[in-house]
Structure formats: C-alpha cells, structure tokens
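Step one of this worksheet: look at the structure below.
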Amino acid sequence: MSHSYEFDLVCLGSGPAGQRAAIQAAKLGKKVAVIEKQRCIGGVCIETGTIPSKTFREAVRRFYSRPGFDQGVNYRAPQRPTMEQLLGHVDKVVQRETQVVQDALARNDVEVIRGRGSFVDSHSIEVEGLEGSRRVTAENILISVGTRPAKPRGAVADGEVVITSDQVLDMKNMPRKIAVVGAGVIGIEYASMFAALGVHVTIIDQRPRPLEFLDHEIVDELIHQMRKQDVTFRCGDGVKSIEIVDDGRREGLIELESGKHIVADVILFSVGRTGATDTLNLEAAGLRADDRGRLDVNDHFQSKTPNIYAAGDVIGYPALAATSSEQGRLAACHMFGAAAKPMAKHFPIGIYAIPEISMVGETEESLTEKRIPYETGIARYNEISRGQILGDDSGFFKMIFNREDGRLLGTHCIGSGATELIHIGQAVIGLGGGLDYFMDTVFNFPTLAECYKVAAFNAANKINFANRIHEARARNHGGNGSGIEVPETEVPVAPPVSEEVTN
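Every number in this note's numbering is 5 more than the matching position in the sequence shown, counting from 1.
Structure below.
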C-alpha cells in the first residue's frame with residue numbers, strides 16, 4: 006500500500022459483497038475497513054432483507070403446518086397468529102447473524118467504521134457518524150451499498166396502510182386483506198406467506214404473468230397452488246390510483262387501469278429496488294449511476310474509475326446474496342492481483358415462497374429460442390416416498406437434457422426442499438454430466454434426491470421412444486412413419502424400471 010493511503014481497501018457496505026471482499030483482502034495481507042450505515046453489521050441482507058424475511062417464512066411455515074401429519078401440507082390453521090408471535094424468532098436470528106459477521110470481520114482485523122460515507126474524491130471518503138465525521142483514504146474502494154425498495158407511485162408509504170417490503174416486518178397487526186403490487190420475487194414470497202396464514206391476498210402486476218424468468222411450467226404450478234390458498238391474480242393490469250379511506254378503520258382503495266377496485270387493509274408495494282447510491286456523491290469520484298441507482302462495471306467488477314469497484318445488488322442482475330458474496334471476493338482478488346477463476350455461469354436461483362422454488366441452468370423457453378433440441382424428465386413428489394413422508398404431494402421436479410448428447414441443461418423444482426435439492430443438478434451441469442450419471446448413481450432412500458432418478462428415467466424413455474421412431478423411418482427409406490408399430494416390450498435405453506419411474 007502506498008503510504009499516502011490509510012487503507013488498501015475500504016468497502017462501502019457490510020452486506021454479502023462488502024464483507025466477503027473485506028475478508029478476502031485481509032487474507033491477502035491487506036489493511037481493510039468496512040463502512041456501514043445500517044443498524045446491523047451485515048447490511049440490508051441481515052437487517053431487512055434475506056435473513057429476516059426467510060426467518061419470517063420459516064415461522065409461517067411452521068405455524069400453518071404444525072398440527073402435523075394428519076393435516077398435510079395444505080392445512081390452514083383455524084386461528085391466525087399475531088405478528089408478534091411470528092416475529093419473535095426473527096430478532097434472535099438477526100442478532101445471531103450480526104454477531105457472526107462481526108466476529109468474522111474482527112478475526113481478520115477488518116476495521117468497522119459506523120456511519121454514512123460519501124466520496125470526496127476517488128480515494129477519499131467522508132464518514133458522518135453519531136460521534137462526528139471522519140475522512141478515510143484508500144488505494145481501492147468497493148461500492149457494495151445494496152438497494153432499497155422503489156418508491157410507490159401515486160402514494161406515500163406510511164408504514165401502516167401503504168408499505169414497502171422493508172416495512173413488512175415492522176407491521177404491528179395481522180391484516181385480513183392485503184394487496185401486493187408487483188409479482189416479482191419479493192412480492193410473490195410475501196404474498197404466499199400471508200396467504201398461508203389465511204389472509205386474503207390479491208396480486209397486481211402490469212406484466213401478463215409473474216416471475217417471467219422462470220420455467221413457465223413451474224410458474225403455472227405455483228399459480229395453481231397459490232390459487233388453492235385463495236390468492237387472486239390481477240396480471241396485465243396496472244395501478245391507476247390509491248386512496249386511503251378512513252371509515253372507522255383505515256383501509257386502502259386501489260383503482261386499477263382496467264377500472265376494477267380493490268380494498269385492502271395493507272397495500273404492499275414491491276415494484277423493484279433501486280441502488281442506494283444517491284447519497285454517495287458519486288460525481289466526486291468520476292462516476293454516475295443509472296436511473297435505478299445502479300452502477301456499470303466490467304467483468305472484473307471494476308468501474309470506469311479504475312481503483313473503484315462495485316459488487317452486489319447495486320450492479321443489478323442477478324442480485325442474489327450468494328452471487329453478491331462471490332462478486333465481492335472476485336473484485337478483491339482482481340484489485341490485488343490474486344489469481345481467481347470467474348464466477349460460474351450456472352448459479353442457482355432460489356425463491357422462498359410457499360411452496361419454495363429453485364432453478365439452475367436453461368429453461369424450456371430459452372432452449373426453444375436458441376433452437377437447441379432437448380427432452381424433459383419429470384418427477385412428482387406424490388410418486389416419491391420422501392414426498393409422502395413430508396406430507397407434500399404437490400411438489401414438481403423437472404430436468405432438461407440435450408437430446409443429442411444427454412447432457413443436463415437445466416433443473417427446476419417447486420416444493421419442499423427445492424432450494425437444497427437443486428444443488429445436485431448444479432454440480433452435474435458444472436461438471437458436464439447428464440443422463441448416464443443419474444441412471445447409474447444410487448441415491449439415499451427415502452430422500453427427495455430420488456426425483457433425479459425418476460426424472461432421468463422418464464427423459465431416457467422419451468428419448469428412446471423418439472429414437473425408435475426415427476430408426477423405423479430410416480428402415481423404411483425415409484417414410485413418414487405412418488403405420489409403424491412400436492412394440493411395447495422393446496427394451497428402453499435404461500434397464501427396465503417400475504411403472505412409477507417410466508411415466
């Protein structure tokens with residue numbers, strides 16, 4: 006480090022990207038500091054985002070399924086819990102996770118500076134804290150400030166009737182009716198949680214369907230299961246106006262562009278997030294954010310100002326805690342010349358709705374667009390022993406294989422344990438494996454991993470059937486196949502298996 010700088014690296018934000026970059030730089034023998042303005046070390050991820058929302062989900066899941074085996078997964082508790090009951094565990098988990106991050110930074114001699122930082126120039130940051138201001142200088146700076154909810158249009162988030170996703174866990178009372186504006190990941194997650202508790206939920210989105218980046222068959226299954234919980238979808242329709250009505254009790258009145266009216270105790274706006282860069286004085290560092298507060302970086306997470314990097318949600322897609330963490334590590338490696346492989350293309354996406362969803366790799370829609378021949382293999386939890394044990398008979402699992410060489414191209418799941426189960430598919434895709442691996446490998450029984458076996462045989466039998474048709478046509482000198490009979494007893498690609506895995 007040049008003696009003119011106090012630190013080798015200063016990270017603006019202690020979320021997944023900032024903390025991982027700081028620790029990586031410290032491991033390389035660098036002097037590092039982290040600036041954090043949030044109440045919790047760990048940033049938005051721990052204070053209002055990933056950790057508290059997923060802890061809340063677990064509390065909801067435990068409550069609505071707690072009567073156990075006799076009721077099954079679709080049981081709805083006769084009496085809704087209070088928000089106080091559901092949030093009791095959240096504070097404990099947040100405190101524990103904050104302590105874990107603090108301990109990790111302390112063990113690596115990373116200095117934590119509390120306050121709000123803004124650029125003075127490309128190497129200097131002014132920090133305004135409760136104990137006054139302090140100027141710090143660094144050879145390199147990582148911007149990892151995360152995002153905040155986009156402001157509602159046509160209304161003010163008062164924290165009671167109109168709220169954002171960051172305010173959900175500050176609610177004092179359980180609503181009877183909630184309208185969720187925005188059918189993205191966060192909106193769908195919270196909508197499904199409240200629906201599981203017996204709250205009447207209406208989802209509004211201008212787009213024709215929710216979660217458009219997911220495999221459409223998985224989304225169709227999600228919509229089906231949420232409708233069973235009395236969730237109403239108003240897709241392809243936007244919000245025209247919002248009025249708060251006080252007729253002895255404050256409620257929100259939404260008028261949609263189609264002319265429909267929706268009344269709700271709470272209106273949750275979840276229409277995207279914007280980078281928390283507006284207070285950073287980016288111009289002083291030669292930088293400018295886009296209209297969503299996001300920063301542009303190269304493949305090494307380096308901005309247009311060479312010594313300033315950015316990672317995490319503030320650079321946009323995929324905006325996942327897991328990818329943000331890896332981005333921070335890779336940024337630190339690049340700025341200090343440490344060898345590191347680029348982030349793998351096939352990272353998993355998890356959506357913690359009820360039921361949860363996860364995917365890795367290609368979708369049927371993306372492969373169709375690219376004109377890549379493929380075949381799918383399907384398994385349903387109601388034919389998997391572990392699904393029956395868990396009381397989940399509606400889980401759905403899909404694998405997509407390259408029809409020509411059998412390589413696994415994508416894995417998609419909705420149901421219990423989906424975000425854990427998906428990692429097997431991720432590993433196989435990363436290693437270039439496919440049908441042969443799943444058909445030859447033995448998995449623990451009874452586990453949800455059996456889905457991989459069932460789906461693999463299902464895909465293999467489809468591919469084999471099509472191949473037999475093509476071979477029969479070839480034997481008939483290129484005929485159109487009319488009149489060709491395919492014997493039912495013909496041996497498939499895989500050894501014969503029971504009916505439950507040849508659907």
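From the three backbone atoms N, C-alpha and C, an ideal C-beta is built for every residue, glycine too. Source: prediction; values computed, not measured.
Keeping to the same chain, check which residues put their C-beta closer than 7 Å to that of residue i; ignore five residues upstream and five downstream.
i: ASN178; result: MET88
i: GLY120; result: ILE40, LYS42, VAL132, GLU133, GLY134
i: THR284; result: ARG121, SER123
i: ARG550; result: Because the chain in this structure spans residues 6 to 508, residue 550 falls outside the shown range and cannot be described.
i: PHE238; result: ILE208, ILE228
Whole angstroms is fine: what's the gap from residue i's alpha carbon to residue j's?
i: CYS16; j: ILE40; result: 6 Å
i: GLU388; j: SER127; result: 59 Å
i: MET231; j: ILE46; result: 35 Å
i: ARG139; j: VAL132; result: 5 Å
i: PRO378; j: ALA479; result: 20 Å
i: VAL204; j: LEU91; result: 14 Å
i: TYR80; j: ARG62; result: Its pLDDT being 47, under 50, TYR80 is placed unreliably by the model, and the measurement read from it follows with that caveat. Looking at the two C-alpha atoms, the distance is approximately 16 Å.
i: ALA337; j: ALA64; result: 37 Å
i: ALA184; j: ILE267; result: 8 Å
i: GLY18; j: ARG158; result: 28 Å
i: ALA31; j: LEU292; result: 26 Å
i: PRO215; j: TYR314; result: 33 Å
i: GLU114; j: LEU335; result: Correcting the residue type first, residue 114 is Asp in the shown sequence and not Glu. Going from the Cα of ASP114 to the Cα of LEU335 covers about 20 Å.
i: ILE359; j: GLU194; result: 7 Å
i: THR373; j: ILE247; result: 41 Å
i: GLY192; j: SER9; result: 47 Å
i: GLU455; j: ASN469; result: 21 Å
i: THR403; j: GLU369; result: The amino acid occupying residue 403 in the given sequence is Lys; Thr does not appear at that position. Spanning the two alpha carbons is a distance of roughly 10 Å.
i: TYR357; j: LYS59; result: 7 Å
In terms of residue numbering, what span does the beta strand (DSSP E) encompassing residue i cover?
i: ARG412; result: ARG412 -> no beta strand (DSSP E), and no H or E assigned at all.
i: THR284; result: No beta strand (DSSP E) holds THR284; DSSP gives it neither H nor E.
i: GLU238; result: The question names Glu, but residue 238 in the sequence shown is Phe. 237-240 is the span of the beta strand (DSSP E), which, as asked, contains PHE238.
i: GLY366; result: 362-366
i: CYS16; result: 12-17
i: LYS245; result: 244-251
i: ALA184; result: 182-186
i: HIS229; result: Run containing HIS229: none in the beta strand (DSSP E); it sits in the alpha helix (DSSP H), 221-233.
i: ARG25; result: No beta strand (DSSP E) holds ARG25; the alpha helix (DSSP H) holding it covers 21-32.
i: LEU261; result: 255-261
i: THR381; result: 379-385
Could you spell out where the alpha helix (DSSP H) holding residue i opens and where it closes?
i: SER512; result: A question about residue 512 goes unanswered here, because the residues of the chain that appear run from 6 up to 508.
i: CYS456; result: 455-480
i: PHE199; result: 190-201
i: GLY46; result: Note that residue 46 is Ile in the sequence shown, not Gly. Element bounds for ILE46: n/a, residue is neither H nor E.
i: TYR442; result: 440-445
i: GLY317; result: Note, GLY317: premise wrong, no alpha helix (DSSP H); not H, not E.
i: GLU310; result: In the sequence under discussion, the amino acid at residue 310 is Thr, which differs from the Glu named in the question. That residue, THR310, is in no alpha helix (DSSP H); it is neither H nor E in DSSP.
For residue i, verify whether its CB is less than 6 Å away from any heavy atom of the ligand SAM.
i: HIS128; result: As far as ligands go, the structure on display features none, and thus does not contain the ligand SAM.
Beta-carbon within less than 6 Å of residue i's beta-carbon, same chain only, minus the 5 sequence neighbours each way: which residues are those?
i: THR282; result: ALA294, GLY298
i: ASP13; result: MET6, LYS35, LYS36, GLU144
i: ALA38; result: PHE12, VAL15, GLU116, ILE118
i: GLY355; result: SER363, THR424
i: HIS305; result: HIS339
Please list, in chain order, all residues of the same chain as residue i whose beta carbon is under 8 Å from its beta carbon, the five residues on each side excluded.
i: LEU414; result: GLY366, GLU367, LEU372, ILE377, TYR379, ILE405, PHE406, ASN407, ILE434
i: PRO353; result: ALA327, SER363, MET364, VAL365, THR424, ILE427, HIS428, GLN431
Query raised in the report: Which full runs of the beta strand (DSSP E) of 3+ residues lie inside the region 145-176, going along the chain?
Result: 152-154, 167-169
Requested in this report: Return the chain-ordered ranges of every beta strand (DSSP E) run that is complete within the region 389-434 and spans a minimum of 3 residues.
Outcome: 401-407, 413-419
Query raised in the report: Counting only runs that start and end within the region 77-146, where is the beta strand (DSSP E) found for 3 or more residues in a row?
Result: 116-119, 121-126, 129-134
Query raised in the report: Would the region 238-248 and the region 257-270 be scored as touching if the rule is three or more Cβ pairs under 8 Å?
Result: yes
Report task. Take every Cβ of the region 326-333, pair it with every Cβ of the region 345-353, and state whether three or more of those distances are shorter than 8 Å. Result -> yes
Report task. For the region 271-282 and the region 104-114, state whether three or more C-beta atom pairs, one from each stretch, are separated by less than 8 Å. Result -> no
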